[in-house]
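Chains as they are written, first to last, in the working numbering: chain A, 1 to 380; chain B, 1001 to 1380; chain C, 2001 to 2380; chain D, 3001 to 3380.
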């Protein structure tokens, strides 16, 4: 009989749904785990909305004040799914209450906040993780395995981008429940924290830490109606951000993110070039990993598209799903994250990225924003 | 409050899991429906196995005799997920007991059996559907919409194939629970009923009925150890099958399936060419639909890859899932099928493909196998 | 100093240009060959047209009667670039005059004619080849090498198609200089001789002879204005043709061609599946060969796209061109064919496909057309 | 009768062959032009080598001193195909001698040299162009047309890269005839002048001038044997270079080049994102242009792959070549450049990129190298 991990979910937006779906799938597809999530409490300020959400998804209880949720004895783990400006306070309170914490990314508004949060969870000794879900896309996980095995040799280049096109219209307002990502007060930054943070987390995981950066940001639409005030206000977030960097291992990095790349919806791609081989991945077809292997017979070298759907146990996580050739979706990355969190409880090990791991990404984001502001190279 | 539809599931293999997952996802993602599935009973001969399955997935009860399941008052709908040779008997008994029926494809071992089954459900007046799940891949559903709108004009060509490579080894045995698909006694045929049936169902749905065929089948490995007898026995199924046909609308068809196409895991593709445009689809990247539109400006014509992931309501089913650019997986086709079945109960309409629809596919399969045997063109 | 091979070119259409370009490039890119083509005479009935062509391309002389061209002492090799119904007579006369012959494909209107032509060149002992140019696309040549090395193991499947869309309009006339391919009297057949013949030649080269076929043809537009008569006349050629076949090595074949596949301009593709690997190629990106190698490490298997542009000598012909990554074009296949013909003269060996080789393709075409007419399997 | 333009070619390496091939193809494929190139003199210091080259390609004469070539009365146009450090002196001498000049890119070692060269040709009033050949790839030319028509609307982003992998081995020497591109004394810079210059030229052509940059360069292999000295010497060129920039139109740019991207041979790609649409191109499949058109029907939006091979006159240059679907190669860009140069003589207009145009690219290269050295944003 598995040990229940009673989840207290704060928030019910896009990520609230994705995490909740993750919790619900794990008992079906990872029944062997010794810990299993239970949907205990869902929390949001609007009672009607959260009640509807809880009913739809099967949470046993609701709260309208996150402090109440944290006080409950029947909650083991707190899932923080609210705008970035609320992460710090909730996380610290949850840690002090001895709860495990699964926090949405980016960890915080800035490095200082993140450091406080790290100290809180470390002091409390509670299990913690940050939802950089793309680490658990099987193709990405396999990239990590290949790199760790030394299959690429010395690394020369890493490049990543995350391109979207949903804010091109001038008529789109900023702020409010749906559009807090455009409001600097709630989000801290624009694409840097929302999108580049994903690219940076994966990059650090695959290629190690970043040492210094030079960056450029832009806000293409200077003013937008603010949903909360009803007035046209200056847009304070970055619509686009690009940066160059050095990694500690001597390789060069190139990163870009924007919400103004017409035709791209969620084009998160990365590529890593090493002496012995290269890897590429693209979220738009997330079940594929592209590989170039210099150790192939020379006349037959080329880029190979690996359909990471084998269920024999060789492709990460895929033994849990269907049969070869049948793809999984975006949401499965969250299922895998929950499963790994449960497994980490079974094993008494951390579940990366921990708060401390996520802080490393935050430091890069801060350096990027500082560089864009100052027009200088910045150390991370 | 939704009306529960209590499911009695017979079988627990690959399809048992896929259907069950479908039932479980519908309340989460289609909460507005007036009927909702409930996992009531799971049934299989091996008590230990079915008990484990029921516990993992959350079925409230188990049975070890499908007749008992059908007799139960607490079952509203019977899901037939067992080898093809058992479909007829179970379906007729379920119909006579007034149960709704969701039957795995192909409907039956042959047209005669299928006709009996159709008559049984029609006489009983019970809701019925056959799990040709690919109709509910959003890209495929959108292809149907475009064709029905006349976007392709007069149709000239339809081609489809379903290529796999999992039976190339001579050491693979035939028969038994895992490998009944290689045993003609259980499966009726090889790739024709297993794989081509999918291609034919989609083809008829998109392009209308088939009038005549000429076919070729092959069994590359002539003998395999039979799991049940422990002896090397003749392989009676078709390892590969290809056929040419005329559709009733005057267009030409070309179909192929095999389990000997090295490098393809589940390469189900179709393409349809009309006077005004063409469409292509590939299960290996099922969230994409390729379109060529002759009505585009002439110098800019080309094949367009549509990432069918928009949640605005324009892409079928996708308003239920994530945000643009984020793909869904294979299993979602079953979720959509369950949702549509529930919706059909709300509306009192049939949920295609009904048994009668699926019989049309069976007729083509029978004509194909007859043609391959006789070396002649056969009328459907 | 290379031995000149003085070319007498009969015809000046699309193929006349492509062949002529081939002759002109060889001294530049294959200067080491001991025989080199010289543009000696161009011939066509219309004096003004052929004079203009000769001037543009650099032919030293013109003729308006092909018999005169054949009689000339200053012509070593005759290039037959006229409609199919004229091949037989010219080829036999050229052979009797002791000329080498380079004949456009298909070799003839039918097998009987082709057999006569073979006997004529064999009796005369003259060098001969048929312009099935796709054998000399480097990616296709490399496919041949890999198959001959046994890299694919036992072959199970071969499939090819050649899809176009240029005759969909009812307003397109038939016949005359530009449109003789739609006129059965000039072309013999429609897509079968024009397009499928290419697919068949490559298939036989790569996978051996075909033993029997079942086919289907269609003429979608039944009547078209005839350019020569000015009247609407029945269209006698096949607009589309598909066939199934067995190869002598036991593998299964599937072929299709049409001029009604909206969106495809010259989509010649083939794929071959063997026990140990598979290959795919597509004329639309002719510098790429796709390969699946079962002998790769299992978790890393996938389809590899080989950019066949390496100049190190490992990629066929590519040491003559640019640097890696820089593609060549369609016309280069003709340059390679000319170079190989010159090389065969250096070495005193045949230059495949010879007339005799091309006759094998003609036999398959005849069987295909007979099968389509008779509705039966036909032996080749 | 066309006016001959007698070419004096200085150099005979990779580019010497590519330019020469361009001159030879123009009379065949662009016979309507009023000026036509003639291969008059080839020049290099090594008499044996240049004699062999001249004989192979058909130059009427040779010289071993470029000053002699410039003095000749029978030379109308000088083609400068030697390492970058020789461009300035030859170009100025040729201009003073009243010769037309076709100069290999980059125009010069730096902006100061380039400015001198511009003044020389402008003072002399001689026709001049720089071989940024990629402008004349039909897909790229069509991109220019679409942008000029306003099909993309306001531009937000431009990104380009040029990735190779041929210098990864430590054993590769620097310097000498074959490897002068690794020798700073001959080349001026590494990938910046060799590869990024192409990206920058196209970018300026398509998207206007660049205003400021921040850049990063790297030399991964610090020392290599020098072919001329036989000693291990410091490598002074940049192995890799990346930069961020602002265009004058307010859009953001991102550029990267390297010779250490394992798996890429000549991966020159660009992408431009505008309010109404986006375009992408890739040298590895240079006959394709990818387009996303926001003005498409919303549910059917996607990236379209346009096979730029139509011969109806709608696709730039393609009416001169084959039939739809049949690709051309890398070398055709040079043929088109020659044709356009001849046409510019017919019309008395400049043939872009002129020296003055190419100087704009040089300025960006200089700013990039300065930024990489100084760690600062640099104005162009």
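C-beta: ideal position from N, C-alpha, C; glycine also.
Remember, predicted model here, so these are calculated numbers, not experimental data.
Among the residues facing chain C, residue 278 of chain A is not included, as its CB has no counterpart in that chain under 7 Å away. The beta-bridge partner set that DSSP reports for residue 3062 of chain D consists of D:3042.
Boundaries of the alpha helix (DSSP H) around residue 1057 of chain B: 1047–1057. Annotation: residue 2313 of chain C to residue 3171 of chain D spans about 20 Å, alpha carbon to alpha carbon. When Cβ pairs closer than 8 Å are counted between the two stretches, the stretch 2182–2200 of chain C is seen not to touch the stretch 1227–1241 of chain B, the count staying below three. Two segments are said to touch when three or more pairs of C-beta atoms, one from each, lie closer than 8 Å; by this definition the stretch 1319–1327 of chain B touches the stretch 276–285 of chain A. Residue 1079 of chain B sits away from residue 1035 of chain B, with the two beta carbons spaced by 7 Å or more. Bridge pairing for residue 2257 of chain C: C:2162 and C:2241 [DSSP]. For residue 3341 of chain D, the enclosing alpha helix (DSSP H) has its first and last residue at 3332–3347. Counting only the Cα atoms, residue 2 of chain A lies some 28 Å from residue 120 of chain A. Straight-line measurement puts the Cα of residue 369 of chain A at about 22 Å from the Cα of residue 3241 of chain D. By DSSP's assignment, residue 2225 of chain C forms a beta bridge with C:2232. Contact note: residue 1014 of chain B reaches chain A through 322 and 323, using a C-beta cutoff of 9 Å and chain order. The beta carbon of residue 3223 of chain D sits closer than 8 Å to those of 3232, 3233, 3234 and 3235, all from its chain and outside the five residues before and after it, given in chain order. Taking C-beta atoms as the reference points, residue 239 of chain A and residue 214 of chain A fail to come closer than 7 Å. Contact annotation: the stretch 360–369 of chain A does not touch the stretch 46–66 of chain A, with fewer than three C-beta pairs closer than 8 Å. Secondary-structure assignment with DSSP links residue 3303 of chain D through a beta bridge to B:1305 and D:3292.
Taking 7 Å as the cut-off, the beta carbon of residue 1081 of chain B is found no closer than this to the beta carbon of residue 1116 of chain B. Within chain D, not a single residue places a beta-carbon under 9 Å from that of residue 166 of chain A; the smallest gap is close to 12 Å.
Where residue 1282 of chain B is concerned, the enclosing beta strand (DSSP E) starts and stops at 1277–1282. In this structure, residue 1159 of chain B sits near residue 1271 of chain B, with a CB-CB distance shorter than 7 Å. DSSP, reduced to helix, strand and coil, places residue 3124 of chain D within a helical segment of the structure shown. No Cβ of chain A is located within less than 7 Å of the beta carbon of residue 1172 of chain B. Taking 7 Å as the cut-off between beta carbons, the residues of the stretch 1243–1274 of chain B near chain C are 1244, 1252, 1254, 1256, 1258, 1260, 1261, 1262, 1263, 1273 and 1274, in sequence order. Put simply, of B:1087, B:1318, B:1027 and B:1016 the residue whose alpha carbon is nearest the alpha carbon of residue 1187 of chain B is B:1087.
Between residue 1286 of chain B and chain D, the shortest Cβ-Cβ separation is not below 7 Å. Sequence-distant Cβ neighbours of residue 1343 of chain B in its own chain, meaning closer than 7 Å and more than five residues away, are 1033. The three-state reading of DSSP puts residue 1004 of chain B in strand, counting E and B together. Contact annotation: in the stretch 1216–1229 of chain B, residues whose CB is within less than 7 Å of a CB in chain C are 1216, 1218 and 1220. Taking 7 Å as the Cβ-Cβ cut-off, the stretch 1289–1305 of chain B approaches chain C at 1292, 1294 and 1303, given in chain order. The count of Cβ pairs closer than 8 Å, one atom from the stretch 2035–2044 of chain C and one from the stretch 2005–2012 of chain C, reaches three, so the stretches are in contact. Using a Cβ-Cβ cut-off of 9 Å, residue 3362 of chain D is close to nothing in chain C; its nearest Cβ partner there is about 24 Å away. The stretch 118–134 of chain A and the stretch 88–98 of chain A touch, with three or more beta-carbon pairs separated by less than 8 Å. Its chain contains 2104 and 2105 as the residues whose beta carbon lies nearer than 6 Å to that of residue 2131 of chain C, once the 5 sequence neighbours on both sides are disregarded; these appear in chain order. Taking a beta-carbon distance threshold of 7 Å, residue 2149 of chain C does not count as an interface residue toward chain A.
Within the same chain, Cβ atoms closer than 7 Å to the Cβ of residue 142 of chain A are found at 289, 308, 315 and 316, the five residues on either side in sequence being excluded.
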